[in-house]
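Numbering (the working numbering), first residue to last: 2 to 478. Below you'll find the structure, written out as structure tokens, and then a few comments.
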């Protein structure tokens with residue numbers, strides 16, 4: 002199934018890539034170099050169109066071609082004639098079957114075609130009287146598809162019944178055949194019983210066969226009792242198979258017959274089969290009635306004591322079993338299942354998916370069952386729709402570009418001016434004299450002014466030794 006699915010997608014992907022590498026590049030070459038040489042244009046639409054065409058051809062047309070091949074192959078083997086051109090008909094059937102394993106179909110569809118072909122092929126071989134190995138394999142395939150169809154069981158039983166060295170798979174096949182017909186073939190039952198006796202194989206799948214062989218009273222019935230009865234008594238088994246086996250084995254008066262009768266009598270007095278299997282309960286009751294009164298009373302006391310010991314209550318239902326019990330009550334309609342909110346939401350979503358997925362699957366199957374013309378028209382319309390939507394989006398972008406206002410010019414950032422050098426605002430003068438009294442300072446100023454010196458002034462400051470300095474200064478620069 003997984004291999005078939007991988008083939009389906011890998012083959013289609015390979016065909017699509019091959020078409021893109023050949024047809025796609027050829028189309029682009031024609032568009033650029035032949036149709037419009039020397040023109041510069043945006044070929045995005047052409048590329049997407051070519052890609053969509055390649056996907057359409059690689060996936061859908063490839064599948065349509067395979068389906069047409071299958072329909073043609075089925076038509077060629079429709080109502081074949083018997084007795085003429087049998088080899089050609091068989092060759093056509095084999096070719097049609099090989100198509101069901103190809104990459105044209107998914108597993109579900111291939112199984113549907115294969116089931117129809119195998120059934121018709123097996124009927125044709127059966128009508129032609131073919132019993133060769135290849136025909137037997139087809140009978141086996143047809144039987145496994147429908148085990149209830151008895152006409153394909155007969156050739157299989159006829160062949161397997163004559164083989165003495167059966168493999169485990171062939172034994173399992175015979176068991177399935179016998180189970181399908183409820184072990185109604187005594188010869189095959191006896192044959193398989195001899196195989197299991199030779200292998201000393203006593204398992205769950207061989208138990209029903211031994212019981213049926215014992216009920217048929219075949220020639221190996223006593224050997225079956227001698228082989229299986231000690232195994233059952235060693236475990237003191239009292240299940241339905243063991244009780245039926247004990248009842249059939251009593252007719253052979255085997256060793257340990259009293260133990261067998263006691264087990265059957267205890268099963269009757271316990272009453273556990275009264276409702277589950279009334280016929281088995283009544284047969285055990287007949288064995289109980291054949292015992293003498295003392296033995297019956299002993300068995301009754303023993304079973305009553307066992308029932309009292311079993312009456313001591315213990316914790317039977319574990320936590321995991323409680324969850325299963327709640328689900329079972331809900332499934333049987335006894336009580337609605339109470340779930341937390343988040344689990345209820347999950348269940349609601351799962352139920353929605355359970356309804357949606359079959360609906361989608363039904364729609365897909367309906368589409369698959371339509372004719373090739375309708376499929377091609379539907380896929381072509383879908384392709385044109387996708388192409389139109391893509392083209393509409395590109396046109397819309399072009400129209401919006403025409404009517405869209407141009408964006409405002411971006412502001413060019415202006416660099417801040419470089420900081421100017423700081424202006425020196427300090428004033429400088431020249432000190433020409435310094436005296437300790439105001440009178441001395443005034444006389445010096447008068448003398449200098451008479452000599453033509455301008456801009457004289459007196460500045461007063463404190464002396465560190467006490468008193469004041471009178472400083473005569475001139476100029477300002």
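All residues carry an ideal CB built from backbone N, CA and C; glycine is no exception.
- Each of 241, 254, 252 and 292 was checked against the Cα of residue 282, and the nearest Cα belongs to 241.
- Under the DSSP assignment, residue 460 falls in the beta strand (DSSP E) whose first and last residues are 457-463.
- Comparing alpha carbon positions, the residue from 16, 92, 204 and 294 closest to residue 60 is 16.
- When beta bridges are read from the DSSP output, residue 432 appears opposite 474.
- Taking 8 Å as the upper bound for CB-CB distance, residue 255 and residue 230 are in contact here, some 6 Å apart.
- Contact between the segment 233-240 and the segment 259-273 is present: three or more C-beta pairs spanning the two stretches fall below 8 Å.
- Looking at the DSSP output, residue 469 sits in a beta bridge with 463.
- The shortest CA-to-CA distance from residue 477 to any of 450, 464 and 458 is the one to 458.
- Counting only residues of its own chain and dropping the five nearest sequence neighbours on each side, residue 445 has a CB closer than 6 Å to the CB of 434 and 473.
- Here the alpha carbon of residue 135 sits roughly 22 Å from the alpha carbon of residue 149.
- For residue 259, the secondary structure class from DSSP, reduced to helix, strand or coil, is helix.
- Within the segment 92-146, the complete alpha helix (DSSP H) runs of at least 4 residues fall at 108-129 and 134-146.
- Exclusion of the five residues before and after residue 131 leaves no residue of its chain whose Cβ lies closer than 8 Å to its Cβ.
- Taking the Cβ atoms as the reference, residue 260 lies roughly 6 Å from residue 234, within the contact range of under 8 Å.
- In this structure, residue 221 places its C-beta atom within 8 Å of the C-beta atom of residue 195.
- The closest CA to that of residue 429, considering only 443, 456 and 449, is found on 456.
- Rounded to the nearest angstrom, the gap between the Cα atoms of residue 296 and residue 159 is 51 Å.
- Between residue 18 and the set 54, 114 and 193, the nearest pair of CA atoms involves 54.
- Residue 213 counts as buried, since no fewer than 16 other beta carbons sit within 10 angstroms of its beta carbon.
- The DSSP-derived three-state label of residue 220 is coil.
- Spanning the alpha carbons of residue 154 and residue 183 requires a straight line of approximately 13 Å.
- With a cut-off of 8 Å on Cβ pairs, the segment 90-105 is in contact with the segment 65-78, counting three or more such pairs.
- For residue 210, the closest C-alpha among the options 46, 243, 226 and 176 is that of 176.
- When the alpha-carbon of residue 107 is set against those of 79, 74 and 12, the nearest one is in 12.
- Contact between the segment 87-102 and the segment 114-130 is present: 3 or more CB-CB pairs across the two stretches fall below 8 Å.
- With distances taken between CA atoms, residue 48 lies nearest to 21 out of 21, 57, 37 and 63.
- Residue environment for residue 471: buried (at least 16 other C-beta atoms within 10 angstroms of its C-beta).
- Assignment of residue 440 by DSSP, reduced to helix, strand and coil, places it in the helix class.
- Residue 151 is not a Cβ neighbour of residue 5, given a cutoff of 8 Å.
- Residue environment: residue 279 is assigned as exposed (fewer than 16 neighbouring CB atoms within 10 Å of its CB, all protein chains considered).
- Of the other Cβ atoms in all chains shown, 16 or more fall within 10 Å of the Cβ of residue 25; this residue is therefore buried.
- Residue 187: member of the alpha helix (DSSP H) spanning 187-200, first to last residue.
- Between the alpha carbons of residue 76 and residue 330 lies a gap of roughly 53 Å.
- In this structure, the straight-line span from the alpha carbon of residue 129 to that of residue 10 is close to 39 Å.
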